[in-house]
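Residue numbers (our numbering): 1161 to 1327. To start, the structure under review is shown below, and the notes come after it.
In structure tokens, the structure reads:
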């Protein structure tokens, strides 16, 4: 179903209103890193959340309440809507914002990138678990592929959060 933005108000710059504050928050791609420097408490908190998510995903994709509990156990990072001036792509800033609105995502700048990444993964997994629970006509193979993809992403994040000396 295509969303129509033609009736949404424009801001002073001619851009439509940003997506809702509860949209999936994603860091801009060029802010991603292969390693995040964290203190021991932060590392423990995030690795614990990833371990709990892995446990929930290993038991299936129908536990949205458990995933929501994990998400709510984490603090919220300070984020602000990223203003795409240089998109490092063929798209203009306006096109990126329209894309974000259409898919209900917000590209953000964060004071805590690692926490933002973990919360984004949890949010996406929660939405998928809700969808999986409510839709009996989903292809079981595709559901399994998505579940495995989330597990792979959780492992990748774990590697990015663990110091090289701890591996």
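Idealized CB from N, CA, C, for every residue including glycine.
Test item: CB-CB of residue 1289 and residue 1227 under 8 angstroms: In this structure, residue 1227 lies closer than 8 angstroms to residue 1289 by Cβ.
Rounded straight-line distance, which links the Cα of residue 1182 to that of residue 1261: Straight across, the Cα-Cα distance linking residue 1261 with residue 1182 is about 12 angstroms.
Cβ pair count under 8 angstroms reaching 3, the region 1244-1251 against the region 1274-1281: Contact fails: fewer than three Cβ-Cβ distances are below 8 angstroms.
Closest by C-alpha distance to residue 1239, when choosing among 1266, 1298, 1203: Considering only alpha carbons, the answer is 1266.
For residue 1233, three-class secondary structure by DSSP: Residue 1233 falls in the helix class under three-state DSSP.
Identity of the residue in 1284, 1272, 1204, 1211 nearest residue 1264 by Cα: Ranking the options by Cα distance to residue 1264, first place goes to 1284.
Every unbroken alpha helix (DSSP H) within the region 1234-1321, with a cutoff of 4 residues, ordered by chain: Taken in chain order, the complete alpha helix (DSSP H) segments of 4 or more residues contained in the region 1234-1321 are 1253-1262, 1273-1294, 1300-1321.
Spatially closest choice to residue 1320 from 1273, 1282, 1292, by CA coordinates: Ranking 1273, 1282, 1292 by Cα distance to residue 1320 puts 1273 first.
Inter-residue spacing [alpha-carbon to alpha-carbon] between residue 1205 and residue 1233: One C-alpha to the other measures close to 9 angstroms.
Exposed unless 16 or more other CB atoms sit within 10 angstroms - verdict on residue 1194: Exposed is the label assigned to residue 1194, since fewer than 16 other Cβ atoms lie within 10 Å of its Cβ.
Whole-Å CB distance - residue 1244 paired with residue 1270, under 8 angstroms assumed: For a cut-off of 8 angstroms, the C-beta gap from residue 1244 to residue 1270 is around 15 angstroms, too long to register as a contact.
Nearest-angstrom Cβ-Cβ length linking residue 1307 and residue 1217, presumed shorter than 8 angstroms: That pair is a contact at about 6 angstroms.
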